[in-house]
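Heads up: the structure comes next, in structure tokens.
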Amino acid sequence: MASDIYTKYTAFKQDDLLAKIRTSVSAKRFSHILAVQKTAVILAKRFGGDVEKASIAGLIHDYAKECSDEELLRVIYENNLDKEIIGFGNNIWHGVAGTILIEKELGVVDAEILQAVSVHTTGSDNMSLLDKILYVADFIEPNRRFSGVKKARELAEVDLDKTVKYETKHTLLKLVEKEIKVYPKTIDTYNKYVAS
Ligand SMILES: [Fe+2]
Ligand SMILES: [Fe+2]
Numbered sequence: 094m095a096s097d098i099y100t101k102y103t104a105f106k107q108d109d110l111l112a113k114i115r116t117s118v119s120a121k122r123f124s125h126i127l128a129v130q131k132t133a134v135i136l137a138k139r140f141g142g143d144v145e146k147a148s149i150a151g152l153i154h155d156y157a158k159e160c161s162d163e164e165l166l167r168v169i170y171e172n173n174l175d176k177e178i179i180g181f182g183n184n185i186w187h188g189v190a191g192t193i194l195i196e197k198e199l200g201v202v203d204a205e206i207l208q209a210v211s212v213h214t215t216g217s218d219n220m221s222l223l224d225k226i227l228y229v230a231d232f233i234e235p236n237r238r239f240s241g242v243k244k245a246r247e248l249a250e251v252d253l254d255k256t257v258k259y260e261t262k263h264t265l266l267k268l269v270e271k272e273i274k275v276y277p278k279t280i281d282t283y284n285k286y287v288a289s
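Position one of the sequence shown corresponds to residue 94 (the numbering used here), numbered consecutively onward.
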């Protein structure tokens with residue numbers, strides 16, 4: 094089955110990829126990662142996405158989540174990534190800078206998978222099916238506990254776009270409530286998928 098044995102898109106077999114990721118994150122994060130992978134596969138099957146790409150994207154999406162700020166900033170500077178992200182912290186960095194580390198250390202070069210990882214916390218104003226699958230899987234995976242997750246899971250049973258809309262509004266409301274600076278791409282996602 095495509096979700097069990099990777100044949101494309103990464104230089105590693107699934108077991109080797111799993112081992113590399115397991116040693117890069119905490120046990121709790123690893124369990125989240127596996128849950129996102131499983132959820133992404135379910136969503137890909139439900140909405141006609143590429144199951145192998147969804148599985149890999151789920152597995153690698155938080156590879157850089159536990160990197161130090163220094164390490165992520167080094168990646169941002171050394172690779173001339175958009176300097177705008179510097180003011181936003183790990184929540185934004187681990188996706189964008191993570192793609193550089195993923196390409197180098199996990200041998201994933203597929204542009205569609207890397208893009209889904211890059212925007213998994215923010216969305217964008219031009220989300221592919223894979224972007225939406227990963228964005229939603231990260232939000233609704235079974236370990237998630239927050240008010241509103243039940244509603245998001247119900248929406249994801251039937252309509253991916255409505256779930257993207259719900260998730261984006263929910264995320265933005267939380268950021269505003271906590272007076273956290275909002276990354277412009279999150280606003281772009283809101284303008285595209287929420288506002289009418
Ligand atoms: Fe993440
Ligand atoms: Fe995640």
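Ideal Cβ positions, reconstructed from N, Cα and C, are used throughout, including at glycine.
Coarse secondary structure for residue i, derived from DSSP in three states
i    : result
M94  : Because the pLDDT of M94 is 41, which lies under 50, any placement of that residue in the model is unreliable, and the question is left without a value.
E159 : coil
A104 : coil
I149 : helix
R238 : coil
L165 : helix
Y99  : coil
D109 : helix
I73  : In the structure as shown, the chain begins at 94 and stops at 289. Residue 73 is therefore absent and cannot be evaluated.
L320 : In this structure the chain extends from 94 to 289, so residue 320 is not present and cannot be described.
G216 : coil
Alpha helix (DSSP H) segment containing residue i, residue limits
i    : result
K225 : 222 to 233
N35  : It is not possible to answer for residue 35, since the shown part of the chain is limited to 94 through 289.
Y259 : 253 to 270
R139 : 120 to 140
G191 : 183 to 199
S211 : 204 to 211
Within 9 Å, strictly: CB atoms of residue i and residue j
i    : j    : result
I185 : K176 : no
I226 : A137 : yes
I153 : V229 : no
I206 : Y156 : no
L166 : H187 : no
F123 : I135 : no
T282 : V242 : no
T279 : T215 : yes
T132 : P277 : no
A245 : H263 : yes
L110 : L199 : yes
K146 : L253 : no
C160 : A204 : no
A209 : A150 : yes
D218 : N284 : yes
**OP:** Can you list the residues near ligand 2, meaning Cβ strictly closer than 6 Å to any non-hydrogen atom, in the order they appear in the chain?
**Re:** H125, V129, H154, D155, D231
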